[in-house]
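Since the structure comes first, as structure tokens, the remarks are kept for the end.
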């Protein structure tokens, strides 16, 4: 039976890597030239069949595309006037027929341009649709009707239902929401499943001493069998970015097998 590895990774765009935001990080881990090399090498090490990246600057995307052009098809979209965007790389010939489009969310924070990159593939002769996105953050106390990230998730689910309800879907990205949030709960109530439910530890970032899981690889319930990888244990004093992990997020890796 065919299997594939999927990774979602918020790589931290360099314009956001300010020393005052990351006081625990050594200066060399924030240096643009050093970080760029560390980041590209880290992505090479992941060797993912399906790679979903957030906060990708155009120059980083161009270099990754050049590195992976012999093995992966690629798609990219930039977030309006922001310096970063979303990228998906899919290994050939494991996946076939890469096509993509953008979904610009109607729900936005003031001045925002949040969106999703949606890639249509085939895997094992079946349609596979992959969403790569970076949802808006709001406090967990925000009422669901006013929560922008929640409304964006509802838009993704509506798009799924309207375009390819019978396909297998993977929602990958930085959801800016903990697992108990209305954002994730809504997806689980509407036919998506959590690939890392059994994974421990499962925190994917540690910013200002706060550990939490906000990165996800959700999948259509009953369509895939997930095998989550192993994440390092984060603590209150874990420095991210570092010289081994060049982003403020850890890459989240899951192996998937189709369920007959």
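Numbering (our numbering), first residue to last: 1 to 260. C-beta atoms are modelled at their ideal positions from N, C-alpha and C, and glycine is treated no differently.
Query: Contiguous alpha helix (DSSP H) assignments of at least 4 residues, all confined to the segment 16-45; Result: 27-30
Query: Residue 65: first and last residue of the uninterrupted alpha helix (DSSP H) it sits in; Result: 58-68
Query: Beta-carbon proximity of residue 105 to residue 152, cut-off 9 Å; Result: yes
Query: 9 Å Cβ cutoff met for residue 8 and residue 174; Result: yes
Query: Residue range of the beta strand (DSSP E) that includes residue 120; Result: 115-123
Query: Residues near residue 146 by beta carbon distance below 6 Å, same chain, minus five either side; Result: none
Query: Residue 191, DSSP secondary structure in three states; Result: coil
Query: Pairwise C-alpha distance: residue 240 and residue 27; Result: 12 Å
Query: Beta-ladder partner(s) of residue 169, from DSSP; Result: 129
Query: 6 Å Cβ shell around residue 225 - same chain, five flanking residues per side excluded; Result: 257, 259
Query: Beta strand (DSSP E) segments (min. 3 residues) lying fully within the segment 187-240; Result: 192-194, 205-207, 210-212, 215-220, 224-228
Query: Close Cβ partners of residue 89 (< 6 Å) along its chain, the five nearest in sequence each way excluded; Result: 51, 68, 72, 74
Query: Cut-off 8 Å between Cβ atoms - residues of its own chain near residue 40, not counting five sequence neighbours on either side; Result: 60, 63, 64, 67
Query: Option nearest residue 101 by Cα separation, candidates 83, 130, 91, 216; Result: 130
Query: First through last residue of the beta strand (DSSP E) which encompasses residue 252; Result: 252-258
Query: Reference residue 128; option with closest CA among 21, 237, 78, 219; Result: 219
Query: Cβ-based burial, residue 192 [other Cβ within 10 Å; buried from 16]; Result: buried
Query: DSSP state of residue 140 mapped onto helix, strand, coil; Result: coil
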